[in-house]
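Residue numbers (this note's numbering): 378 to 708.
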């Protein structure tokens with residue numbers, strides 16, 4: 378694990394400014410207030426894994442704020458995940474607060490303002506990644522920001538040990554496998570977050586918007602199912618099929634169209650994955666619910682202007698996929 382930042386290597390008087398600038402450069406611009414600027418101690422270890430950045434951050438008490446002005450000037454659409462290993466921290470965003478103890482996790486959106494508060498020395502794992510890499514619609518993610526996910530039971534208990542090992546051995550991952558490993562980590566995170574909303578099948582108490590979020594979460598976790606229908610989605614959130622159609626019409630779409638579009642997006646991503654290049658195009662489509670290969674080719678071309686086979690070939694340049702360009706990463 379590479380040491381990127383270490384304040385103890387500097388004279389005491391230089392540590393505070395060094396830490397403030399290092400945090401902003403390593404992640405996104407933030408305003409940081411230190412409890413003890415003179416003798417502050419902090420370190421950042423880790424690195425990049427494909428389009429995923431993974432770090433182990435240890436620091437004395439401080440508060441970091443992503444201001445609305447800083448968020449508005451953001452380039453790229455990134456989410457962050459924090460998992461304390463030692464100590465206690467609070468993640469605040471969208472009017473919510475997530476108090477985290479070791480093993481717990483919370484996500485937050487760097488395109489909007491947020492605050493991270495550390496009352497004492499804390500060690501935490503931090504991931505930063507393009508939002509598009511999570512297999513969850515953005516509106517579902519927006520309902521999960523600054524919400525504590527327990528690391529003590531269920532799939533949430535798998536996250537901290539996996540990320541700790543990932544950061545410790547990040548330098549040992551071969552470059553040709555780095556994006557594949559990153560995708561595996563993000564798939565687990567997607568499962569954990571989808572379970573956070575989708576695990577509750579009672580009608581949402583927050584009105585139609587919350588019900589729609591639950592419905593989309595259910596859809597996302599059942600895209601492989603060829604029997605995924607509006608009736609099944611409505612049943613999962615305890616509303617009538619007619620009311621479900623009404624909710625989706627408010628967003629100028631339909632349930633069937635939303636399911637199709639989400640399936641197509643996952644197919645597009647898999648077709649651009651060099652590690653799945655040996656899979657027949659028809660298998661990629663079938664994996665995401667398109668059993669009829671001819672129909673899959675037809676709807677894919679209607680959506681993206683090219684056939685699935687042609688799209689795969691266009692994404693393959695000497696076997697290297699330019700994911701960063703595809704995701705619009707420019708920071």
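Where is the CB? At the ideal position from N, CA and C, for every residue including glycine. The model shown is predicted, which means the values in this text are computed figures rather than measured ones.
- One alpha carbon belongs to residue 565, the other to residue 491, and they sit about 24 Å apart.
- If you look at residue 676, you'll find it in the alpha helix (DSSP H) that goes 670-681.
- The beta carbon of residue 499 is closer than 7 Å to those of 436, 461, 463, 464, 465, 466 in its chain, skipping five residues each way along the sequence.
- Rounded to the nearest whole angstrom, the C-alpha separation of residue 417 and residue 411 is 7 Å.
- The C-beta distance from residue 471 to residue 523 rounds to 6 Å, short enough to meet the 8 Å contact threshold.
- In the displayed model, residue 437 falls within coil according to three-state DSSP, outside both helix and strand.
- About 13 Å separates the Cβ atoms of residue 610 and residue 666, ruling out a contact at the 8 Å cut-off.
- As for any beta strand (DSSP E) of minimum length 3 sitting wholly inside the region 416-481, the runs are 419-426, 429-436, 439-443, 455-463, 466-470, 473-477, ordered along the chain.
- For residue 622, the closest C-alpha among the options 477, 588, 640 is that of 588.
- Taken in chain order, the whole alpha helix (DSSP H) runs of length 4 or more contained in the region 477-507 number zero.
- The straight-line gap separating the alpha-carbon atoms of residue 624 and residue 585 is approximately 7 Å.
- In the three-state reduction of the DSSP assignment, residue 602 falls in the coil class.
- For residue 568, the CB contacts under 7 Å within the same chain, skipping 5 residues up- and downstream, are 532 in chain order.
- Annotation: the continuous alpha helix (DSSP H) that includes residue 660 extends over 658-664.
- For residue 618, the enclosing alpha helix (DSSP H) has its first and last residue at 618-626.
- Taking 8 Å as the upper bound for CB-CB distance, residue 383 and residue 438 are not in contact here, some 18 Å apart.
- By the Cβ criterion, the region 422-432 is in contact with the region 506-520, since at least three pairs of Cβ atoms, one from each stretch, lie closer than 8 Å.
- The alpha-carbon of residue 537 is positioned some 7 Å away from that of residue 528.
- The C-beta separation of residue 562 from residue 543 comes to about 6 Å, placing the pair in contact by the 8 Å criterion.
- C-alpha of residue 505 to C-alpha of residue 403: approximately 10 Å in a straight line.
- Annotation: the region 533-593 contains the following complete segments of the alpha helix (DSSP H) (minimum length 4 residues), in chain order: 536-545, 555-575.
- Contact between residue 676 and residue 641 holds: CB atoms are separated by about 7 Å, below the 8 Å threshold.
- Residue 394 sits exposed, since fewer than 16 C-beta atoms from the chains shown fall within 10 Å of its C-beta.
- Between residue 421 and residue 380, the C-beta gap is smaller than 9 Å, which places the two residues in contact.
- In the DSSP assignment, residue 382 is bridged to 421.
- Cβ-Cβ separation between residue 526 and residue 483: approximately 7 Å, consistent with a contact (criterion under 8 Å).
- Between residue 419 and residue 396, the gap from beta carbon to beta carbon is short of 9 Å.
- In the DSSP assignment, residue 408 falls within the beta strand (DSSP E) that extends over 408-411.
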